[in-house]
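Down below is the structure, laid out as structure tokens.
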Amino acid sequence: MNKALAETHVKKNSFKQKSSWSISKNNYSPVDWSNFKDKDFLTISQFSSSELLFLIEKALEFKNMQKSGKLMPYLKNKVLGMIFEKSSTRTRLSFEIAMKQLGGDAIFMSSKDLQIGRGESVHDTAKVMSRYVDGVMIRAYSHEMVAEFAEHASIPVINGLTDLHHPAQIMADLLTILEHKGRLKGLKISYIGDGNNNVCHSLIEGSAKLGIHLTISCPPGYEPNKVVLQSMKHVAKTNGSLIEVVNNPVDGVKDADVVVTDVWTSMGQEEETEKRLKIFSSYQVNDQLLENAKNDYLFMHCLPAHRGEEVTASVIDGKHSVVFDEAENRLHAQKAILVALMGTDL
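Taking this note's numbering, the leading residue of the sequence shown gets 31, the next gets one more, and so forth.
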């Protein structure tokens with residue numbers, strides 16, 4: 031990767047992007063755009079370590095091309111259909127703007143806009159949309175629905191969030207960490223909160239694939255999905271990762287390079303709000319807890335945040351917080367995913 035393309039702006043706080051990074055410099059298998067031909071983007075686990083790093087590297091290139099005014103129309107005349115069962119700020123904006131900045135277009139559809147909301151089958155909807163658009167991004171409650179859509183579609187399908195996984199978010203998170211830390215392998219990430227959470231599940235997969243040590247601190251009964259956790263154990267061992275689950279957040283955050291949290295009550299769990307506030311009260315990310323992390327730790331949150339619940343204002347607005355870099359990087363990570371799946375003549 032051209033060193034000039036690896037340089038980016040310096041934040042107002044003390045963090046700066048580390049030196050340029052590339053797959054070739056880090057002894058990973060060579061990858062090119064052809065690796066992604068005829069693929070969907072449903073989970074992190076479906077891609078190799080080298081493929082994930084390739085996408086992160088390309089996202090960084092696209093970010094710097096945009097800032098230098100050199101972004102090319104890689105998706106000219108391409109159209110992305112976007113189906114939203116859940117409301118969104120970052121997912122909708124990042125995918126729609128990414129398509130437009132790359133020369134394509136995007137069409138927003140809520141489930142109320144489609145006949146699928148009135149009983150048309152996922153099978154038929156996937157077949158019809160495959161005749162109209164070049165790719166589909168779906169933000170849905172059920173992961174099974176997105177997987178079924180992908181099974182019947184003849185165009186790429188992207189998971190914009192489900193109850194089980196949030197891979198597009200984790201690609202942005204990994205890009206953000208790489209920018210600020212200069213590496214991924216060997217870092218320790220501490221995830222604090224609800225372990226049975228889509229962000230946590232995708233973070234488990236990304237950490238296992240890329241040699242990151244991940245400690246998940248959660249209350250008993252709120253551990254990650256057993257299938258996700260078990261399926262990544264061998265992968266983690268192969269790549270030199272350590273994935274562990276603990277109940278004590280102080281133990282979890284000890285010597286962490288990166289601290290991650292998410293809301294305690296996700297969309298669709300609103301009836302459990304009061305119960306969860308009590309159960310998770312000792313898992314708040316605050317200044318006292320973070321005294322156990324490394325001095326140069328990063329704080330991350332996918333947003334939206336409930337200030338005063340899972341994180342205090344002093345942390346999310348503090349000098350260690352990179353949440354708005356993380357939010358911006360959704361745009362650039364999305365570009366890499368879209369070009370990989372929908373681009374031609376690259």
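Note that beta-carbon positions come from the ideal geometry of N, C-alpha and C, so glycine has one too.
- Secondary structure at F310: coil, using DSSP grouped into helix, strand and coil.
- According to DSSP, residue pairing for I273 in a beta bridge involves L244.
- It is roughly 18 Å from the alpha-carbon of N269 to the alpha-carbon of T73.
- By a beta-carbon distance limit of 8 Å, Y327 does not contact A357. Their separation comes to about 19 Å.
- Where G251 is concerned, there is no enclosing beta strand (DSSP E), because DSSP gives it neither an H nor an E.
- Rounded to the nearest whole angstrom, the C-alpha separation of T245 and F77 is 22 Å.
- Sorting D224, G241 and N316 by C-alpha distance to the C-alpha of R306 places D224 at the top.
- Partner residues in the beta bridge of V166, as assigned by DSSP, are G111 and V187.
- Proximity to S75 across G133, A198, V341 and K218 peaks at A198, based on C-alpha coordinates.
- According to the DSSP assignment, F138 belongs to the beta strand (DSSP E) that extends over D135 to S140.
- It is roughly 10 Å from the alpha-carbon of D70 to the alpha-carbon of I367.
- Per DSSP, I367 is one residue of the alpha helix (DSSP H) stretching across V353 to M372.
- For H336, no beta strand (DSSP E) run applies, since DSSP gives it neither H nor E.
- A straight line joining the alpha-carbon of E339 with that of R148 spans about 37 Å.
- Out of D143, G134, S124 and F354, the CA that lies nearest to the CA of I113 is found in D143.
- In the structure shown, the three-state DSSP call for K239 is helix.
- In this model, I234 and N226 are separated by some 11 Å (Cα to Cα).
- When secondary structure is reduced to three states using DSSP, L328 falls in the strand class.
- Pairing S247 with G282 gives a Cβ-Cβ distance under 9 Å.
- Annotation: E91 to T155 spans about 35 Å, alpha carbon to alpha carbon.
- Per the coordinates, the alpha-carbon of G298 lies some 16 Å from the alpha-carbon of M175.
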